[in-house]
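Colleague: Below is one structure. I have some questions about it.
There are 2 protein chains.
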Amino acid sequence: MRAGVYDSGVGGLTVVKSLLEYKLFDEIIYFGDTARVPYGVKDKNTIIRYSLEAVEFFKNFDIDIMITACNSVSAYAIDELKANAPFKVSGVIEPGVLALKNKIPNKDAKILILGTNATINSGKYERLLKEHGYKNIESLSPSLFVPIVEEGLFSGKVLKTVMEHYFDGVSQPDAIILGCTHFPLISRQIHKFFPKAILIHSGEAVVEFLEDEFGITETHLNTELKLFASENPDKLKEVANEWLKN
Amino acid sequence: MRAGVYDSGVGGLTVVKSLLEYKLFDEIIYFGDTARVPYGVKDKNTIIRYSLEAVEFFKNFDIDIMITACNSVSAYAIDELKANAPFKVSGVIEPGVLALKNKIPNKDAKILILGTNATINSGKYERLLKEHGYKNIESLSPSLFVPIVEEGLFSGKVLKTVMEHYFDGVSQPDAIILGCTHFPLISRQIHKFFPKAILIHSGEAVVEFLEDEFGITETHLNTELKLFASENPDKLKEVANEWLKN
Chain C
1 MRAGVYDSGV GGLTVVKSLL EYKLFDEIIY FGDTARVPYG VKDKNTIIRY SLEAVEFFKN
61 FDIDIMITAC NSVSAYAIDE LKANAPFKVS GVIEPGVLAL KNKIPNKDAK ILILGTNATI
121 NSGKYERLLK EHGYKNIESL SPSLFVPIVE EGLFSGKVLK TVMEHYFDGV SQPDAIILGC
181 THFPLISRQI HKFFPKAILI HSGEAVVEFL EDEFGITETH LNTELKLFAS ENPDKLKEVA
241 NEWLKN
Chain G
1001 MRAGVYDSGV GGLTVVKSLL EYKLFDEIIY FGDTARVPYG VKDKNTIIRY SLEAVEFFKN
1061 FDIDIMITAC NSVSAYAIDE LKANAPFKVS GVIEPGVLAL KNKIPNKDAK ILILGTNATI
1121 NSGKYERLLK EHGYKNIESL SPSLFVPIVE EGLFSGKVLK TVMEHYFDGV SQPDAIILGC
1181 THFPLISRQI HKFFPKAILI HSGEAVVEFL EDEFGITETH LNTELKLFAS ENPDKLKEVA
1241 NEWLKN
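Residue numbers (the working numbering), protein chains in the order written: chain C, 1 to 246; chain G, 1001 to 1246.
Set out below in structure tokens:
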């Protein structure tokens, strides 16, 4: 089985990491739109247009399913992708909410959503959580987290100060949705601030979703990973070597 | 006289501010390529392509001179702009170096260049400074400054911690080139770290350059400013209201 993983940049590799861990595919084609990253500050129509271009890209590879690791794409373009792609499509928002539901049955639990401006402004996580009965939801867009991760500052004083800036005054949540591909890379530091919270990671959520929704469970001995980027593919390969190592 | 000011995003408004202050034009057409910001992480060919598209845009306005406020454009595309534009063209790098030369005649002075990755990697400031005889040059790319300014954190603990991260260990310079349109907005905080340094600001440098190079000195009672953006023009107008007020 062959999957196409689509992201605005390098961040989607955190989802690839989970797919590799659970050995769900024998081939993964990764496309990072690094020439036009970040999507999180772009508007809806632009994000839809870019996403449909990614469908065209994946048509070259005879994939079985396209997984959009990018939350901004999942927030704004998932319906258009499903309507236009000749293969199955999975986002990360619905998987994230379902994974949370499995872990936190109590509908009074406090849920904190962390995402980019585009994802938070779309209101998609919030709407879906409410449909599932959750009432106590807070949304936050810590815009500096992405550039800090891109700068490789996964811990230390800069990250700590920036977290204090965004998190001071936020009451302890029961669960946190890491609604951006970059956030799993600083999940341990987020957990230090909110030690009681369960963290929902898109990669693990997608693995569960692929099994429940599409019956994709088979495990393969090896997954071949092919990396493509709209700009600077060497940087993508470098980051993959760094992030995907065990 | 009519000027076109080109930038990758909203940052070029810091240059507009100087042009307004010195009343050099009766009309300024500003184009911010907000759909594709930031340029500072893109490669040379992409930056050249985008810049030539901006020339096409300004052809609609019968401008006398195009000023590229963006340092990344000035670093990579200035020759292509000059070769292809039917109007005069000014960047910010040559003006910055000439302004520094006027202020710091001593060639042994220590010069610190602050810029995006693209600007620093181009080596253009460094090369030009060396051509003018300066020997003691340090270059630094404090990548988090741009997103911090975009987040509106012009002072406070986050900015201070990030400055310590980049500046600790950097010896006191005699002059600092603010080689990115965003940096003038945090120049007071930069000055606190390096109190003896003279700061070179692209906007003021361009005003000097326009006079010396093109003889543009006339002052107009009013400058009409027209703002265009490739995405989210309302955001650009909001930022203009905030940054350009006195």
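Note that the Cβ used here is the ideal one computed from N, Cα and C, for glycine as well.
1) Looking at C-beta atoms only, is the number of pairs between the segment 1111-1124 of chain G and the segment 1169-1186 of chain G that lie closer than 8 Å three or more?
2) If distances are taken between C-alpha atoms only, which option among C:SER90, C:LEU129, C:VAL146 and C:LEU244 comes closest to C:LEU210?
3) Ends of the beta strand (DSSP E) at C:HIS201?
4) Starting from the Cα of G:PHE1087, find the closest Cα among G:GLU1231, G:SER1074, G:GLU1080 and G:ILE1065 and give me that residue.
5) Quick check on this structure: which residue in G:VAL1206, G:HIS1132 and G:LEU1225 has the alpha carbon closest to the alpha carbon of G:THR958?
6) Between G:TYR1006, G:VAL1097, G:LYS1059 and G:VAL1073, which has its C-alpha nearest G:ALA1085's C-alpha?
7) If you compare alpha carbons, which of C:VAL10, C:ASP174, C:THR223 and C:SER18 is closest to C:PRO105?
8) Mind listing the chain C neighbours of G:THR1046? Cutoff is C-beta to C-beta under 9 Å, in chain order.
9) Between C:ASP26, C:GLU80 and C:GLY40, which lies nearest to C:ASP7 when the distance is taken from Cα to Cα?
10) Alpha carbon to alpha carbon, what distance is there between G:PHE1194 and C:PRO95?
11) Report back the beta-carbon spacing between G:LYS1107 and G:GLY1123 to the nearest angstrom; my notes put them in contact at under 8 Å.
12) If we call anything under 8 Å between Cβ atoms a contact, is C:THR14 one with G:ALA1035?
13) Starting from G:ALA1003, trace the beta strand (DSSP E) in both directions and tell me its first and last residue.
14) What are the residues of the segment 1153-1167 of chain G that lie near chain C, defined by any Cβ-Cβ distance shorter than 9 Å?
15) Taking G:PRO1142 as the reference, give the member of C:LEU140, C:ILE148, C:ILE137 and C:SER139 with the closest Cα.
16) Could you tell me which residues DSSP pairs with C:PHE214 in its beta bridges?
17) Measure from the C-beta of G:ASP1043 to each C-beta in chain C and report whether the shortest distance is under 8 Å.
18) Could you give the first and the last residue of the continuous beta strand (DSSP E) run that contains C:PRO138?
19) So, for C:PRO233: in the same chain, excluding its five sequence neighbours on each side, which residues have a beta-carbon less than 7 Å away from its beta-carbon?
20) In its own chain, which residues sit with a C-beta less than 6 Å from the C-beta of C:THR68, not counting the 5 before and 5 after it?
21) I want to verify the contact list: residues of chain G whose CB lies under 9 Å from the CB of C:ILE120, in sequence order.
22) Can you tell me which of C:GLY11, C:LEU128, C:LYS130 and C:CYS70 puts its alpha carbon nearest to the alpha carbon of C:LEU185?
23) Name the DSSP bridge partner or partners of C:PHE31?
24) Go through its chain and collect everything with a Cβ distance to G:LYS1023's Cβ below 7 Å, but skip five positions before and after it.
25) Identify, in the order they occur along the chain, each residue of the same chain with its Cβ nearer than 6 Å to the Cβ of C:LEU100, setting aside the five sequence neighbours on each side.
26) May I have the straight-line CA-CA distance separating C:TYR30 from C:PHE154, to the nearest angstrom?
27) Mind checking which residues open and close the beta strand (DSSP E) that includes C:GLY152?
28) In its own chain, which residues sit with a C-beta less than 6 Å from the C-beta of G:LYS1103, not counting the 5 before and 5 after it?
29) Taking DSSP as the reference, what is the three-state secondary structure of C:LEU52?
30) Roughly how many angstroms separate the alpha carbons of C:LYS135 and C:TYR125, rounded to a whole number?
31) Classify C:SER18 as helix, strand or coil using the three-state DSSP reduction.
32) Output yes or no for whether 8 Å exceeds the beta carbon distance between C:VAL170 and C:GLU138.
33) What did DSSP end up calling C:GLY179 once you bin it into helix, strand or coil?
34) Excluding the 5 residues preceding and the 5 following C:ALA240 in the sequence, name in chain order all residues of the same chain whose CB lies nearer than 7 Å to its CB.
35) Can you tell me whether C:ASP33 is buried or exposed, with buried defined as 16 or more other CB within 10 angstroms of its CB?
36) Would you call the CB atoms of G:THR1161 and C:LYS192 closer than 8 Å?
Modeller: In terms of the structure at hand:
1) yes
2) C:SER90
3) 198-201
4) G:ILE1065
5) The question about residue 958 of chain G has no answer here: the residues shown for chain G are numbered 1001 through 1246.
6) G:LYS1059
7) C:ASP174
8) ALA35 and GLU231
9) C:GLY40
10) 50 Å
11) Their Cβ separation, rounded to whole angstroms, is 19 Å, which puts G:LYS1107 and G:GLY1123 out of contact at 8 Å.
12) no
13) 1002-1007
14) LEU1153, GLY1156, LYS1157, VAL1158, LYS1160, THR1161, VAL1162, GLU1164 and HIS1165
15) C:ILE148
16) DSSP, once it has assigned bridges, lists no residue as partnering C:PHE214.
17) yes
18) For the record, residue 138 of chain C in the displayed sequence is Glu; it is not Pro. 136-140 is the span of the beta strand (DSSP E), which, as asked, contains C:GLU138.
19) LEU227
20) TYR6, SER74 and GLY91
21) By Cβ distance, chain G contributes nothing, its closest Cβ being about 14 Å from C:ILE120, past 9 Å.
22) C:GLY11
23) C:TYR6 and C:PHE228
24) THR1219, HIS1220 and THR1223
25) ALA175 and ILE200
26) 23 Å
27) Where C:GLY152 is concerned, there is no enclosing beta strand (DSSP E), given that its DSSP letter is neither H nor E.
28) ILE1198
29) helix
30) 12 Å
31) helix
32) yes
33) strand
34) LEU13 and LEU227
35) buried
36) no
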